[in-house]
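Single-structure report; data block below.
Number of protein chains: 2
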Amino acid sequence: MKKRSRVTLQQVAQHAGVSRATASLIVRGSESISKETKEKVLQSMKELGYVYDRIAANLRSQHSSTVGFIISEIGNPFFSEVLVGVHKALDKEGYTVILGTTFDLMAKQQALLSTMLEYRVGGVIISPIPGTSHEDIERLEQLGMPVVIATRETTFPEKFDYVGVDNVLGGKLAIQHLIEKGHRRIAFLGGTNDSSVWRDRMRGYMDALVEAGFEVDPALLVETPVSRKGGMDAIKQVLSLPQPPTAAFCYNDIVALGVMSGLKDAGIHIGQEFNLVGFDNIQEASMVTPSLTTVDAFPHAIGEYASDLLHQRMMGLSEGPKRIILKPELIVRES
Amino acid sequence: MKKRSRVTLQQVAQHAGVSRATASLIVRGSESISKETKEKVLQSMKELGYVYDRIAANLRSQHSSTVGFIISEIGNPFFSEVLVGVHKALDKEGYTVILGTTFDLMAKQQALLSTMLEYRVGGVIISPIPGTSHEDIERLEQLGMPVVIATRETTFPEKFDYVGVDNVLGGKLAIQHLIEKGHRRIAFLGGTNDSSVWRDRMRGYMDALVEAGFEVDPALLVETPVSRKGGMDAIKQVLSLPQPPTAAFCYNDIVALGVMSGLKDAGIHIGQEFNLVGFDNIQEASMVTPSLTTVDAFPHAIGEYASDLLHQRMMGLSEGPKRIILKPELIVRES
DNA sequence: GTGAAAGCGCTAACAG
DNA sequence: CTGTTAGCGCTTTCAC
Chain A
1 MKKRSRVTLQ QVAQHAGVSR ATASLIVRGS ESISKETKEK VLQSMKELGY
51 VYDRIAANLR SQHSSTVGFI ISEIGNPFFS EVLVGVHKAL DKEGYTVILG
101 TTFDLMAKQQ ALLSTMLEYR VGGVIISPIP GTSHEDIERL EQLGMPVVIA
151 TRETTFPEKF DYVGVDNVLG GKLAIQHLIE KGHRRIAFLG GTNDSSVWRD
201 RMRGYMDALV EAGFEVDPAL LVETPVSRKG GMDAIKQVLS LPQPPTAAFC
251 YNDIVALGVM SGLKDAGIHI GQEFNLVGFD NIQEASMVTP SLTTVDAFPH
301 AIGEYASDLL HQRMMGLSEG PKRIILKPEL IVRES
Chain B
1001 MKKRSRVTLQ QVAQHAGVSR ATASLIVRGS ESISKETKEK VLQSMKELGY
1051 VYDRIAANLR SQHSSTVGFI ISEIGNPFFS EVLVGVHKAL DKEGYTVILG
1101 TTFDLMAKQQ ALLSTMLEYR VGGVIISPIP GTSHEDIERL EQLGMPVVIA
1151 TRETTFPEKF DYVGVDNVLG GKLAIQHLIE KGHRRIAFLG GTNDSSVWRD
1201 RMRGYMDALV EAGFEVDPAL LVETPVSRKG GMDAIKQVLS LPQPPTAAFC
1251 YNDIVALGVM SGLKDAGIHI GQEFNLVGFD NIQEASMVTP SLTTVDAFPH
1301 AIGEYASDLL HQRMMGLSEG PKRIILKPEL IVRES
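This is the structure:
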């Protein structure tokens, strides 16, 4: 890991016949330098192949131009879309992102938080794993590191800046749509109740059913891992019921895609005999056949808003915790 | 961006009544410290809430425990799978990854390379955008920064460590499979010839056809952007030919999924009237209906091998450039 | 085993 | 406008 030593500002200054301080001002684009010396120094930099050492600069100035982004997994298109939003927004402000993936393991998350601290990132955007308490995160804030929570909540939501979608409303929209289509027995498939997101979507499901005057059959609620396999298993389970459902609301699109496979295996025509609504609106949702009706959770926007909030906080412009709750939208397609 | 000042090693040492140097040895887990002082110092760290400053440490020791990973876009499942591989492997070695996405823009790629340099990353893994010359990359090596190229080649492949799949062979496997199925008119759809990957897959396509004694009809080669939309457009184009193809090999799975949509729109039964082979074996390939026959490009393994090569090089253990070319495998499914 | 002093490459504060 | 001096938080000799 030893590196060939690089050209330092000192050497550049010497070569150009100025002081280190002057050279420093020039790299940073100061206006208050005469055109001639500026040219001269820039020329020297070019000749010597100077590369700015941002690490050393950050150390000295006690600033940080990095931001940590902690996410459960990159394989899920929803999260990768959030990442794209974060990336774009932070790029624009000149930050560099350090990525960490927890794979939903608490030990990994703790380790990542420490890493972010050790690297002196200027702030952290995190989608905490289910069961993360606010104490776990508070550690960062106590050390003066701004934090923004995205997509999932911690045990004490009001403590931090948060950006997410209104999952209760999303669940409601989905169910109302299915009720309008004439369904009475609607399953809720996939996900597990340890996640705040699941609980909210489930609540939307319940609320909408109750408001419409229908009863909730616990047999139609199936918890599974958030995967296509999970969806496939879940639909098989409810189809074998004495009174199978005629429609399903899925925890997210990934699960919904699994459910679609399961329905096809069972020879059920999606969109005709059976209606299906997902959540997230990942790209794939519009591409499958039949295309998937889903609730758009605006992952890209979540990433951008989270970045904006973090930037505000890093500039010291924010006061109390802010919450940005996006209104989800139902995207009606063929399913 | 100003940070509340943190507890320094100095303060810890003072609190514990030892010197800074001793404390430093202890954070790094040195063996040559008496158990008592060690305990005492560790206790002080806990009490004061000390956080190791890896940035300062790296500056002083001229080491780096970060690795840059530059990729075109994170939205493509193939790349996100490579990222997962990279992440897992580097994690194990204790590196932290700094992520950059180029969106296939040359300016962005150049900027990212500079950023990596400025952040003194210990090494870089890059999937260069089409048209990247070896000079663009050489800059890094000249500054003593190890580089590993992954998935795509530069203009002068032999100069750097490289990990990728044998795209020529992959193309051949696909075409041989289609020929065995009895097809004579096989289209090659999607992608553009500015990419080395495209040219190799195309070559495999050509070679296989020629070996089998068939001729190549240029009308069956359609270049498009690498997207579902591209696939859709491409299949529509060839279907309107006087002599449409009866099978297609697609640049990758993303394109293939678009082609599937297009075929369905045209009322063509995939797997019966028309056979289709993709490339990459992204998760989705096994989940669509009908499931997609494809060539597995082992993205996860590419990420891991690239990380291993980089690690070797960072340790100074590598000599000449190494090339790891993975053998792709045909995954026969329903399409 | 532990401490004192020097310095990684840069910026900040103040002179001039 | 430019130079001087000090020091960010850590590691690294080299004494003792």
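Going down the list, the protein sequences come from chains A and B.
Its first residue numbered 1, the first sequence is counted upward by one per residue in our numbering.
Its first residue numbered 1001, the second sequence is counted upward by one per residue in our numbering.
Ideal Cβ placement from N, Cα and C applies to all residues, glycine included.
So residue i and residue j are in contact, right, with Cβ under 8 Å, and what is the actual spacing, rounded?
{"i": "Pro77 (chain A)", "j": "Gln237 (chain A)", "result": "So it is not a contact: roughly 25 Å between Cβ atoms."}
{"i": "Pro299 (chain A)", "j": "Glu81 (chain A)", "result": "4 Å"}
{"i": "Val295 (chain A)", "j": "Ala174 (chain A)", "result": "6 Å"}
{"i": "Lys38 (chain A)", "j": "Ile26 (chain A)", "result": "6 Å"}
{"i": "Ala187 (chain A)", "j": "Val222 (chain A)", "result": "7 Å"}
{"i": "Met314 (chain A)", "j": "Gly122 (chain A)", "result": "5 Å"}
{"i": "Met1287 (chain B)", "j": "Ser261 (chain A)", "result": "6 Å"}
{"i": "Ala208 (chain A)", "j": "Ile179 (chain A)", "result": "7 Å"}
{"i": "Ile331 (chain A)", "j": "Asp166 (chain A)", "result": "At roughly 16 Å, the Cβ-Cβ gap does not stay under 8 Å, so Ile331 (chain A) and Asp166 (chain A) are not in contact."}
{"i": "Thr115 (chain A)", "j": "Ile74 (chain A)", "result": "Contact doesn't hold; Cβ gap of about 17 Å is too wide."}
Using three-state DSSP, classify residue i as helix, strand or coil.
{"i": "Glu1223 (chain B)", "result": "coil"}
{"i": "Leu173 (chain A)", "result": "helix"}
{"i": "Asn1275 (chain B)", "result": "strand"}
{"i": "Leu326 (chain A)", "result": "strand"}
{"i": "Gly1204 (chain B)", "result": "helix"}
{"i": "Ala266 (chain A)", "result": "coil"}
{"i": "Val1007 (chain B)", "result": "coil"}
{"i": "Ile1186 (chain B)", "result": "strand"}
{"i": "Ile254 (chain A)", "result": "helix"}
{"i": "Ile1074 (chain B)", "result": "coil"}
{"i": "Val1012 (chain B)", "result": "helix"}
{"i": "Ile1331 (chain B)", "result": "strand"}
{"i": "Val51 (chain A)", "result": "coil"}
{"i": "Ile1129 (chain B)", "result": "coil"}
Tell me where the alpha helix (DSSP H) around residue i begins and ends.
{"i": "Leu1083 (chain B)", "result": "Pro1077 to Glu1093"}
{"i": "Asp1233 (chain B)", "result": "Arg1228 to Leu1239"}
{"i": "Tyr305 (chain A)", "result": "Pro299 to Met314"}
{"i": "Val41 (chain A)", "result": "Lys35 to Leu48"}
{"i": "Ile1137 (chain B)", "result": "His1134 to Gln1142"}
{"i": "Thr115 (chain A)", "result": "Met106 to Glu118"}
{"i": "Ala285 (chain A)", "result": "Gln283 to Met287"}
Taking the beta carbon of residue i as the centre, do at least 16 other beta carbons fall within 10 Å, making it buried, or is it exposed?
{"i": "Val18 (chain A)", "result": "buried"}
{"i": "Glu1070 (chain B)", "result": "Here the sequence assigns Ile to residue 1070 (chain B), which means Glu is not the residue at that position. Buried, by the Cβ-count rule."}
{"i": "Ser240 (chain A)", "result": "exposed"}
{"i": "Arg1060 (chain B)", "result": "exposed"}
{"i": "Phe1079 (chain B)", "result": "buried"}
{"i": "Ala1023 (chain B)", "result": "buried"}
{"i": "Pro1328 (chain B)", "result": "buried"}
{"i": "Gln1109 (chain B)", "result": "buried"}
{"i": "Ser1030 (chain B)", "result": "exposed"}
{"i": "Ala1021 (chain B)", "result": "exposed"}
{"i": "Asn193 (chain A)", "result": "exposed"}
{"i": "Glu1304 (chain B)", "result": "buried"}
{"i": "Leu1169 (chain B)", "result": "buried"}
{"i": "Leu1263 (chain B)", "result": "buried"}
What first and last residue would you give for the beta strand (DSSP E) that runs through residue i?
{"i": "Ile125 (chain A)", "result": "Gly123 to Ile126"}
{"i": "Gly191 (chain A)", "result": "No beta strand (DSSP E) holds Gly191 (chain A); DSSP gives it neither H nor E."}
{"i": "Asn58 (chain A)", "result": "Counting along the chain, Asn58 (chain A) falls outside any beta strand (DSSP E), though it belongs to the alpha helix (DSSP H) covering Arg54 to Ser61."}
{"i": "Leu1099 (chain B)", "result": "Thr1096 to Thr1101"}
{"i": "Ser1070 (chain B)", "result": "Checking the sequence shown, residue 1070 (chain B) turns out to be Ile, not Ser. Element bounds for Ile1070 (chain B): Thr1066 to Ile1071."}
{"i": "Ala1349 (chain B)", "result": "An answer regarding residue 1349 (chain B) cannot be provided, because it is not within the stretch 1001 to 1335 covered by chain B."}
{"i": "Thr1293 (chain B)", "result": "Thr1293 to Asp1296"}
{"i": "Val163 (chain A)", "result": "Asp161 to Val165"}
{"i": "Ala1212 (chain B)", "result": "Looking at the DSSP string, Ala1212 (chain B) is not in any beta strand (DSSP E), and its letter there is neither H nor E."}
Near-chain B residues of the stretch 41-64 of chain A (beta-carbon distance less than 8 Å), N- to C-terminal order:
Gly49, Val51, Tyr52, Asp53, Arg54, Ile55, Ala56, Asn58, Leu59, Gln62, His63 and Ser64
According to a CB-to-CB cut-off of less than 7 Å, which residues of the stretch 1095-1111 of chain B neighbour chain A?
Thr1096, Val1097, Ile1098, Leu1099 and Thr1101
Along the stretch 1276-1287 of chain B, what residues have a CB closer than 8 Å to any CB found in chain A?
Gln1283, Glu1284 and Met1287
Residues of the stretch 220-251 of chain A whose Cβ lies closer than 7 Å to any Cβ of chain B, in chain order:
Arg228
Residues from the stretch 65-76 of chain A in contact with chain B, defined by Cβ distance under 7 Å:
Ile74 and Gly75
The stretch 24-38 of chain A: positions lying closer than 9 Å to chain B by Cβ
none
Which residues of the stretch 1160-1173 of chain B have a Cβ closer than 8 Å to any Cβ of chain A? Give them in chain order.
none
Which residues, taken in chain order from the stretch 118-147 of chain A, show a beta carbon closer than 8 Å to some beta carbon of chain B?
Glu118, Tyr119, Arg120, Gly122, Gln142, Leu143, Gly144 and Met145
Selection of the stretch 1251-1267 of chain B by Cβ proximity to chain A, strictly under 7 Å:
Leu1257, Ser1261 and Lys1264
Along the stretch 292-312 of chain A, what residues have a CB closer than 8 Å to any CB found in chain B?
none
Given a limit of 7 Å on CB to CB distance, which residues of the stretch 1082-1095 of chain B reach chain A?
Leu1083, Val1084 and His1087
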